[in-house]
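In what follows, a structure is listed as structure tokens, so that the remarks can point back to it.
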Amino acid sequence: MSRSYRESQHAIVRKLVTYFAFFCLLFWVGFPVYYMLITSFMDSHELGAKPPNWIPSQPTIKNYREVVVGETAIRGAHSSHGEFSRMMPALLNSAFVSVAVVFSNLIIGGSAAYAFSRFDFRLSRIVYLGVLMTRVLPALSLIVPLFIILRKLALINTLWALILTYTIFILPLTIWILREYFDTLARDIEEMALIDGATRWQAFRMVVAPLAVPGLIAVGVMSFMEAWSEFFFALTLTNSLTYPPLLMSYRNLAQVNWNGLAAATTIGVLPPVTVAFVFQRYLVRGLSEGAVKG
Amino acid sequence: MASAELGKAKAQQRKHWDRKWIPYVLLAPALITIFVIILSPLATTIFYSFSNIDLIRDRTTFVGIDNYIELFSSRLFWKAVEVNLKFAAIVVTVPTLIGLFFALLLVENFMGRSIGRTLLILPWALPWIVVGLLWNWVVNAQFGALNGLLYTLGLIDKYIPFMANEDWALVFTALASAWRQTSFSAILLLAALQTIPEDLYDAAKVDGAGVRARFRFITFAWLRPTLTIVLLYNVVLGFLQFDAVWIMTQGGPGDATMLISVLLYRYTFINFDLGMGAAVSNVLGLITMGVGLIFVRLIYRSHTTYA
Chain H
12 MSRSYRESQH AIVRKLVTYF AFFCLLFWVG FPVYYMLITS FMDSHELGAK PPNWIPSQPT
72 IKNYREVVVG ETAIRGAHSS HGEFSRMMPA LLNSAFVSVA VVFSNLIIGG SAAYAFSRFD
132 FRLSRIVYLG VLMTRVLPAL SLIVPLFIIL RKLALINTLW ALILTYTIFI LPLTIWILRE
192 YFDTLARDIE EMALIDGATR WQAFRMVVAP LAVPGLIAVG VMSFMEAWSE FFFALTLTNS
252 LTYPPLLMSY RNLAQVNWNG LAAATTIGVL PPVTVAFVFQ RYLVRGLSEG AVKG
Chain D
540 MASAELGKAK AQQRKHWDRK WIPYVLLAPA LITIFVIILS PLATTIFYSF SNIDLIRDRT
600 TFVGIDNYIE LFSSRLFWKA VEVNLKFAAI VVTVPTLIGL FFALLLVENF MGRSIGRTLL
660 ILPWALPWIV VGLLWNWVVN AQFGALNGLL YTLGLIDKYI PFMANEDWAL VFTALASAWR
720 QTSFSAILLL AALQTIPEDL YDAAKVDGAG VRARFRFITF AWLRPTLTIV LLYNVVLGFL
780 QFDAVWIMTQ GGPGDATMLI SVLLYRYTFI NFDLGMGAAV SNVLGLITMG VGLIFVRLIY
840 RSHTTYA
């Protein structure tokens, strides 16, 4: 009897510790995000309140409207360009760049990964290691020569400069994860298809690709998020064409509209956050396949 | 029968013929673009670091290792190294420890676990630049969330200008980076925790192992390879972080948050001293390549053990 008493006491302590830890997690993740959210729904005069209003007293979507319509409608016909007039075009640019990077990355990286996984060719191991090593190069350090090359190709201040650069900087990760993924798929069915007279392409399309869909989704989602988030190249290779450097430019204005900035930030993180939540399973699997099993 | 034999031989022949050129064709786009966009700029950067580049007169002179000598004897560089080491210490330890804590929590069975798992992904889904902005809101001296919280709780009666203080500035820029990286670390550790077979614990219980022994010999032992990878990822981030720090402090106040990457940016884009900038890049590159090499070696070791 004393034993069961001890056990139930043990269970209660365990519950308490668990919920305390859960509260820590909620606070750690939620606190900064929550504060940005309430700021985005506040009027500017409410911002400096001391102590702060943890729940906005008069929630407003004014800030969001300013960002979405670029403030033109609010200030009237006289000011044609509001503070946030570049935001929506930048978000569209970000979307275009990110989607393009997903596809180019899957095609180029996928075929390279397949080559590394299925063929023994000269120097394959060295080349593979070399490709992986490029992942840890500080991208910052390549910017000057890269700028010169892209200027020769007449790509400076175009979205293509970003698509090209992002695709290539994400390639090592893609090749790494997909190669591991292809390696886990049995070769026998593929070999059988080949003996039955299928071409390599047919074997890939009908046997390997369908089985590799989860890996392809994981890599696609990861490259979308990287492309959406990239800041430094977008800042130096273009005139703030995409979302991250534009956000930075609002931060550096002499008179920062913090509430508008909070709304702009919230709108801009919706795509990567949504994608991450929807594809949660694939992402976690892709991340751990790539990072842990290596 | 003869025709079947012939067909087989033909297929074999074709397979052989296939193997010769197909991998090169499949690899070509990746290798060519990596060469143009990464390797040739890398070679140029190495060349720059041994040169003095006069942008105004458009003249490049070879100066040997002068840039490196100047760099290693400058106070600024060693300041950046010192700042970066402190920064990296926080970015390595905080995400690893808190990430492990969250992973251990989220493998437990309790109400709210799936909410916890979803929320865990949130910081990792945010761009670095947004992470920097969020933490700007946290530490701001006029309307910051942290000041607000401390004030609401009655712990302070005057808002503290955290980012005007050199030590706090370094701590909070590092914490901002650690915040996002904690999620990444926890995701990896949680994934590894979920693969531990339950019967290992049962067997240990039958053998009379206590909670502590079970943690040490099963949980921790199982997590070790993942922990190593997580640590290395965090080390690399500790040296390559730029975005979040740049939006929060731009290296200031003074040089308090001047990471090596920030120094690199200053030389290249503010002083337009491309030679020195390149020298800093190569030093930074060597540091991360060193870490990367350890990384790749570990991967190959795990291959030979498990494959």
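Line order of the protein sequences matches chains H and D.
Quick note, this note's numbering runs 11 ahead of the 1-based positions in the first sequence.
Quick note, this note's numbering runs 539 ahead of the 1-based positions in the second sequence.
Where a beta carbon is used, it is the ideal one built from N, C-alpha and C, also for glycine.
Since the structure is predicted, the reported quantities are computational estimates derived from the model, not experimental observations.
| said: With a threshold of 7 Å between beta carbons, is D782 of chain D in contact with chain H? | reply: yes
| said: I want to see whether chain H comes within less than 7 Å of A664 of chain D, judged by CB atoms only; does it? | reply: yes
| Cβ neighbour criterion (16 or more within 10 Å) applied to T600 of chain D | exposed
| query | Quick check: the segment 179-194 of chain H against the segment 114-129 of chain H, are there 3 or more CB pairs under 8 Å? | reply | yes
| message | Could you compute how far the alpha carbon of F180 of chain H sits from the alpha carbon of P580 of chain D? | response | 13 Å
| query | Based on the DSSP secondary-structure assignment, which residues constitute the bridge partners of T599 of chain D? | reply | D:I592
| task | Compare the C-beta of I735 of chain D with all C-beta atoms of chain H and state if any pair is closer than 7 Å. | result | no
| Which term fits F31 of chain H, buried or exposed, when burial requires 16 or more other beta carbons within 10 angstroms of its beta carbon? | exposed
| request: Could you name the residues of the same chain whose beta carbon sits closer than 6 Å to that of S67 of chain H, not counting the 5 residues immediately before and after it, in chain order? | output: Checking the displayed sequence, the identity of residue 67 of chain H turns out to be Pro instead of Ser. Cβ within range, chain order: I49, F52, M53.
| query | What is the rounded straight-line gap between the Cα of L166 of chain H and the Cα of L184 of chain H? | reply | 25 Å
| When you compare only the Cα positions, how much space is there between E18 of chain H and P62 of chain H? | 45 Å
| query | What number of angstroms, rounded off, separates the C-alpha of K559 of chain D from the C-alpha of F132 of chain H? | reply | In this structure, the straight-line span from the alpha carbon of K559 of chain D to that of F132 of chain H is close to 8 Å.
| said: Could you tell me the alpha carbon to alpha carbon distance between A150 of chain H and F244 of chain H, rounded to whole angstroms? | reply: In this model, A150 of chain H and F244 of chain H are separated by some 9 Å (Cα to Cα).
| Selection from D:A730, D:I695, D:Q780 that minimises the alpha carbon distance to T758 of chain D | Comparing Cα positions, the closest option is D:A730.
| query | So, helix, strand or coil for G749 of chain D, using DSSP? | reply | coil
| By Cβ distance, which residues of its chain are closer than 7 Å to E705 of chain D, with the 5 residues on each side in sequence left out? | P792, G793, A795
| task | Use the C-beta contact count for S15 of chain H: other C-beta atoms within 10 angstroms, 16 or more gives buried, fewer gives exposed. | result | exposed
| said: Could you check whether the Cβ of L151 of chain H sits closer than 7 Å to any Cβ belonging to chain D? | reply: It does: the Cβ of L151 of chain H has a partner Cβ on chain D nearer than 7 Å.
| request: Check whether the Cβ atoms of V218 of chain H and E201 of chain H lie closer than 7 Å to each other. | output: yes
| Does any CB atom of chain D fall closer than 7 Å to the CB of M47 of chain H? | yes
| request: Would you verify that the beta carbon of E609 of chain D is, or is not, closer than 7 Å to some beta carbon of chain H? | output: no
| message | Considering only their Cβ atoms, is the gap separating N104 of chain H from L170 of chain H smaller than 7 Å? | response | yes
| DSSP-derived helix/strand/coil call for W65 of chain H | coil
| field | Close beta carbons around R296 of chain H, own chain, < 8 Å, minus the five adjacent residues each side | value | P225, A229
| message | Which residues in chain H have a C-beta closer than 8 Å to the C-beta of A743 of chain D? List them in chain order. | response | Chain H residues near A743 of chain D: none, gap ~17 Å exceeds 8 Å.
| message | Under DSSP, the alpha helix (DSSP H) around A106 of chain H begins and ends at which residues? | response | 98-129
| Does the segment 559-574 of chain D touch the segment 761-768 of chain D, meaning 3 or more C-beta pairs lie closer than 8 Å? | no
| chain H within 7 Å of A717 of chain D, Cβ atoms only | no
| message | Suppose the cutoff is 6 Å on Cβ atoms and the five residues either side in sequence are ignored; what does the same chain contact list for S722 of chain D look like? | response | L659, P662, W663
| Among D:A817, D:L739, D:N591, which one has its Cα closest to the Cα of V155 of chain H? | D:A817
| Three-pair Cβ contact test at 8 Å for the segment 67-77 of chain H versus the segment 709-717 of chain D | no
| With 16 as the cutoff for other CB atoms within 10 Å, does S91 of chain H come out buried or exposed? | Confidence in S91 of chain H is poor, its pLDDT being 45 and thus under 50, which makes the residue's placement too unreliable to answer from.
| query | In angstroms, rounded to a whole number, what distance separates the CA positions of F38 of chain H and R162 of chain H? | reply | Each residue's Cα considered, the two are about 47 Å apart.
| M540 of chain D, DSSP secondary structure in three states | Note that M540 of chain D scores 46 on pLDDT, short of 50, meaning its location in the model is unreliable; the coordinates nonetheless yield the value given after this. Three-state DSSP puts M540 of chain D in coil, outside helix and strand.
| field | Contact with chain D by L298 of chain H, beta-carbon distance below 7 Å | value | yes
| To the nearest angstrom, how far is it from the Cα of N623 of chain D to the Cα of A214 of chain H? | 50 Å
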